[in-house]
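**Q**
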């Protein structure tokens, strides 16, 4: 491909060199958003039309250079293929359309490979014919989020007398975490008998394997179970045998939430780190776009896999749908961009300078892609029922009839981790008797609520309709930064615990502004955003009801002034002297900084007087036969006041 007199606009600077090499075109990266809402972003409350401006001078200058470069050229705006990416592209289009380019087209690159770029260029359409409503949807989200922050955050900062951040999405996310904590605390207060039941377990063995046979009766009292155990003989007889075939299917190709959950759990890293590593793999052309709510794989790639795998006994072509929540059928699942054998991963990692974590994530996506095209695993599961006296005891055994996808890779995969922990390949005949070596009253804890894990929290948000693939990984870091939650390490996983600040905020909001804590409201508003993108609703159908929820309150548009460098230097000096940590808001607001300085000045140690002052005070005390004050050697103010008093008494 050789695109002469062509300019391609993308977001990430890391993709520039590769796309230039593939296309021969000039490539410019915006480095993300270059325009944002101004401080006084809303002036007209009839149509809620917002005001946008450049985020900083450096980006402004770079954009103007790109606009100049675009004159007389064919321009492809190929910012990321989602709502955020479209908004960045739209701002560029609005500035470019009057600069006399030869043409302006919207292109979408779902993979940074030669075929992916060529497909994006071939399918590009005039930007004016693209879905402008995508920008309206993005604008509604951006304005709505700022509206909530500007109205509610200052209101509750005054109530709590500290910096408070309230968000249209982050607050219901926090509410889910706090609600779970309250459920845990309520459960812990229950008496033991309401938290625990007991079952009778019989221990036996066969072929060198220890076996546990379980009776299904529940007992509230342990002593009741023990008394029954004392009356049981030590022989069990096989009474009934039931077998059935159980099929298990491979996991679907990853969508964003599934990638984050699976790899965060598998590698013991945060969901944000998973996305950061995936971003690098996308930029290097190794995987498709990693922000997607689709499980679909394109027909072209299914054909490519089939051409390589059709002779494999385990292979089965499988098509997956995008899913009801997917924003576009054109979006694919997260998959590898080209088929290759497993043993080439080391070579690919070396060629692309992948670090160990990037390599692990690439291998996981590779395995998920391949396994999604494999046959089911088939097991025979047999339930053996034994009688001991008049009581029935059960034990299940599983036997693999066909490995299917579980036999593709030698190493253990996520799919195998979920396999039931049943005894394997044990057989009994009807009427067979076995000896029981021991009985136990097994404690069965009633399902207790547990803290959310970071790895599976994303799927909870998806289930509740909160957020989108591009934002899932951002919520927990924001809540941590605000001091609303902490992450505690538990094995390879992190559990999410709300702080007292987070709990207090949600409890207060539940009594005063309950709507902002409800996941259902956020879900409904996300659906409105989708309807705006589809042209079914208008921008104001999102903003006006949201503002109405806040009783059309005026916006706190007063800009927060940052403290001066001298103030910061002084506060750091005082804090160091008193060994006190400086709150984050002190660096952001001069009022907070001034109040903190005043507080430190009240508690700081007094400045001692000079040796000359001390000697003068002592000489004057002797000469005038006066008693020296208690702290004259420690506090220059006390010493100075005594000296002044002595001189005044002479007059």
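Numbering (our numbering), first residue to last: 1 to 651. Idealized CB from N, CA, C, for every residue including glycine.
Note down, one range per segment and in chain order, each alpha helix (DSSP H) of at least 4 residues found wholly within the region 552 to 590.
**A** Counting whole runs of 4 or more residues, the region 552 to 590 contains the alpha helix (DSSP H) stretches 565 to 578.
**Q** Just how far apart, CA to CA, sit residue 377 and residue 244?
**A** Cα to Cα, residue 377 sits roughly 14 Å from residue 244.
**Q** Select from 95, 254 and 308 the residue whose C-alpha is nearest the C-alpha of residue 54.
**A** Comparing Cα positions, the closest option is 95.
**Q** Enumerated in chain order, which unbroken segments of the beta strand (DSSP E) with a length of 3 residues or greater are wholly contained in the region 192 to 280?
**A** The qualifying runs are 196 to 206, 209 to 214 and 235 to 248.
**Q** Can you tell me which of the three DSSP states residue 310 falls into?
**A** Here residue 310 sits in coil by DSSP.
**Q** Locate the alpha helix (DSSP H) running through residue 541, then write down its first and last residues.
**A** Element bounds for residue 541: 540 to 549.
**Q** Bridge partners for residue 6 per DSSP, in chain order?
**A** Paired residues: 74.
**Q** Determine the direct distance from the alpha carbon of residue 454 to that of residue 180, and round the result to whole angstroms.
**A** Their Cα atoms are separated by approximately 14 Å.
**Q** Taking the straight line between their C-alpha atoms, what separation do you get for residue 399 and residue 435?
**A** Their backbone Cα atoms lie some 24 Å apart in a straight line.
**Q** If you follow the alpha helix (DSSP H) that residue 172 is part of, which residue opens it and which one closes it?
**A** Element bounds for residue 172: 170 to 188.
**Q** Do you know how far the Cα of residue 316 is from the Cα of residue 423?
**A** Rounded to the nearest angstrom, the two C-alpha atoms are 29 Å apart.
**Q** Cutting at 6 Å between CB atoms, please list the residues of its own chain near residue 74, excluding the five before and the five after it.
**A** Closer than 6 Å at Cβ, skipping near neighbours: 6, 102 and 103.
**Q** Threshold first: 4 residues or longer. Then list the alpha helix (DSSP H) segments lying entirely within the region 63 to 125, N to C.
**A** The qualifying runs are 83 to 96 and 114 to 122.
**Q** Considering Cα atoms alone, identify which of 493, 30 and 282 is closest to residue 116.
**A** The candidate whose alpha carbon is nearest that of residue 116 is 282.
**Q** Could you check the C-alpha separation between residue 235 and residue 433 for me, to the nearest Å?
**A** In a straight line, the C-alpha of residue 235 is about 7 Å away from that of residue 433.
**Q** In terms of residue numbering, what span does the beta strand (DSSP E) encompassing residue 39 cover?
**A** Per DSSP, residue 39 belongs to the beta strand (DSSP E) from 35 to 42.
**Q** Looking at the unbroken beta strand (DSSP E) that takes in residue 346, where does it start and where does it end?
**A** Counting along the chain, residue 346 falls outside any beta strand (DSSP E), though it belongs to the alpha helix (DSSP H) covering 345 to 351.
**Q** Which complete beta strand (DSSP E) runs does the region 433 to 490 hold, if anything under 3 residues is left out?
**A** Here the runs fully enclosed are 433 to 435, 438 to 445 and 485 to 490.
**Q** Roughly how many angstroms lie between the CA atoms of residue 229 and residue 507, to the nearest whole one?
**A** In a straight line, the C-alpha of residue 229 is about 48 Å away from that of residue 507.
**Q** May I ask you to report which of helix, strand or coil DSSP gives residue 16?
**A** Reduced to three states, the DSSP call for residue 16 is helix.
**Q** Once DSSP output is grouped into helix, strand and coil, what is the label at residue 492?
**A** Coil, per DSSP.
**Q** Near residue 571, what residues of its chain come up, given a Cβ to Cβ distance below 8 Å and the 5 sequence neighbours on each side ignored?
**A** Closer than 8 Å at the Cβ level, and outside the excluded window around residue 571, lie 563, 582, 586, 593, 596, 597 and 600.
**Q** Give a single yes or no on whether residue 301 has its beta carbon closer than 7 Å to a heavy atom of the ligand ADP.
**A** Of ligands this structure carries none, so the ligand ADP is not represented either.
**Q** Using CA coordinates, which residue listed in 149, 92 and 224 is at the minimum distance from residue 35?
**A** For the residues 149, 92 and 224, the minimum Cα distance to residue 35 belongs to 92.
**Q** Rounded to a whole number of angstroms, what is the C-alpha to C-alpha distance between residue 290 and residue 278?
**A** Going by the C-alpha atoms only, they are around 7 Å apart.
**Q** Express the C-alpha separation of residue 194 and residue 328 in angstroms, rounding to a whole number.
**A** Low confidence applies here, because residue 328 scores a pLDDT of 47, under 50, leaving its location unreliable; read the following figure in that light. Straight-line Cα distance between these residues: approximately 49 Å.
**Q** Closest to residue 254 by C-alpha separation, out of 646, 469 and 649, would be which residue?
**A** With distances taken between Cα atoms, residue 254 lies closest to 469.
**Q** In three-state terms, what does DSSP make of residue 1?
**A** In this structure, residue 1 counts as coil in the three-state DSSP scheme.
**Q** What distance in whole Å lies between the Cβ atoms of residue 225 and residue 388, which are believed to be in contact at a cut-off of 8 Å?
**A** So it is not a contact: roughly 14 Å between Cβ atoms.
**Q** Please name the residue in 637, 405, 579 and 543 whose C-alpha comes closest to that of residue 249.
**A** When only C-alpha atoms are compared, the closest one is 405.
**Q** Identify the residues that DSSP records as bridge partners of residue 639: which are they?
**A** Answer is none; residue 639 lacks a bridge partner.
**Q** Within 10 angstroms of its Cβ, does residue 308 collect 16 or more other Cβ (buried), or is it exposed?
**A** Residue 308 is exposed by the Cβ-count criterion.
**Q** Suppose you measure from the CA of residue 513 to the CA of residue 545; what does that come to, to the nearest Å?
**A** Near 15 Å, if we compare the C-alpha coordinates of residue 545 and residue 513.
**Q** Terminal residues of the continuous alpha helix (DSSP H) containing residue 519?
**A** Per DSSP, residue 519 belongs to the alpha helix (DSSP H) from 519 to 533.
**Q** Taking only three categories from DSSP, how would you classify residue 410?
**A** Coil, per DSSP.
**Q** Taking Cβ to Cβ, would you say residue 166 is nearer than 8 Å to residue 516?
**A** Contact flag set, yes.
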